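**Student:**
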Amino acid sequence: MKRVIVDNLKMQNNELVCRDKTGRYKPVFKKQGDLDGACATYSVIMNLLILGVITEKETNVNEEHKTRDTRKLFKVFCNDYGMHRNGQTYYKITRMLKEGFSNVITPDHKITSDTKSVEVIKDTIDERIPIVISIGETSPSSDWGHAMLAIGYEENDKGNVSKILCLDPDGDYIHGRKRWNAEIQITPKQYKLSTVWSGWKTTKKVTLDDVIVIYKNEGEK
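First residue of the sequence shown? That's 1 in my numbering, and the numbers climb one at a time after it.
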């Protein structure tokens, strides 16, 4: 079995940490309720922390000591749109990131589904950067959708992706050795999400949908 995890993630004192923009190791996982808003907000913020383009302190929406770029990001992404409490499309989120933080990052919204999504997720993680993913329920009548941050994958003996490893803002805080709290198990034409939530592992069939890849601009420290 082969496992690939993005750079800048490790467990320290039983807590998942990354080097934020200060260069110091800081907690990276954001559980819904820590900030405000919907799952996509948390997934994007964790992504930016792992990229090292914001500080953990700046994720406090009331923190005044932000850089000019970060102030603009939080104004557009959080204040102007109310932290997306009712959710937002990935197209709109990408547009907001471009409007609020384009001096620092370049977001790329990719319209994908299922097998193609797996390919894009693998290729992105092979670059050692995380990727914001979206999932849905398999029932055609369901409008449920959820955002997570994919930070790794596993391959089976045949070299095919068998699991996508994620930070799920709706899942439990991360402890122990694992650097993820959710995984999508991939079998032929089927995707099963398992999330550790309140000590229980819940499993449901899902679809894989659009993704957002966020690149740090060249020259950004």
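Glycine included, each C-beta is placed from N, C-alpha and C at the ideal position. Source: prediction; values computed, not measured.
Between which two residues does the beta strand (DSSP E) harbouring R3 extend?
**Tutor:** Unbroken beta strand (DSSP E) run through R3: K2 to I5.
**Student:** Using a Cβ-Cβ cutoff of less than 8 Å, which residues in the same chain neighbour R179 once the five nearest sequence positions on both sides are dropped?
**Tutor:** Excluding positions up to five away in sequence, the list reads I5, L9, K10, M11, L16, I151, G152 and L165.
**Student:** Taking the alpha-carbon positions, what's the Y25 to I45 distance?
**Tutor:** Cα to Cα, the separation comes out at about 16 Å.
**Student:** Short check: CB of S214 to CB of L51, under 9 Å?
**Tutor:** It should be pointed out that residue 214 corresponds to Ile in this sequence rather than to Ser. Result yes, Cβ atoms of I214 and L51 sit closer than 9 Å.
**Student:** Is the CB-CB distance between H146 and I212 below 9 Å?
**Tutor:** Result no, Cβ atoms of H146 and I212 do not sit closer than 9 Å.
**Student:** Taking the beta carbon of N14 as the centre, do at least 16 other beta carbons fall within 10 Å, making it buried, or is it exposed?
**Tutor:** By the neighbour-count rule (16 or more Cβ atoms within 10 Å), N14 is not buried but exposed.
**Student:** Could you compute how far the alpha carbon of V206 sits from the alpha carbon of D143?
**Tutor:** Their Cα atoms are separated by approximately 12 Å.
**Student:** Going by C-alpha distance, which of K92, T89 and M96 is nearest T70?
**Tutor:** Residue M96 is the option with its Cα nearest to T70.
**Student:** Cutting at 6 Å between CB atoms, please list the residues of its own chain near I184, excluding the five before and the five after it.
**Tutor:** Closer than 6 Å at the Cβ level, and outside the excluded window around I184, lie I164, Y191 and L193.
**Student:** In terms of residues, what are the limits of the beta strand (DSSP E) holding S134?
**Tutor:** Unbroken beta strand (DSSP E) run through S134: I131 to E137.
**Student:** What residues match up with D166 in a beta bridge as DSSP calls it?
**Tutor:** Residue 166 is actually Cys in this sequence, not Asp. Beta-bridge pairing links C166 to A150 and A182.
**Student:** Just the Cα atoms here: how many angstroms apart are L167 and L48?
**Tutor:** C-alpha separation (whole angstroms): 13 Å.
**Student:** From the beta carbon of C18, is the nearest beta carbon of chain C less than 9 Å away?
**Tutor:** No chain C appears in this structure, which consists of one protein chain only.
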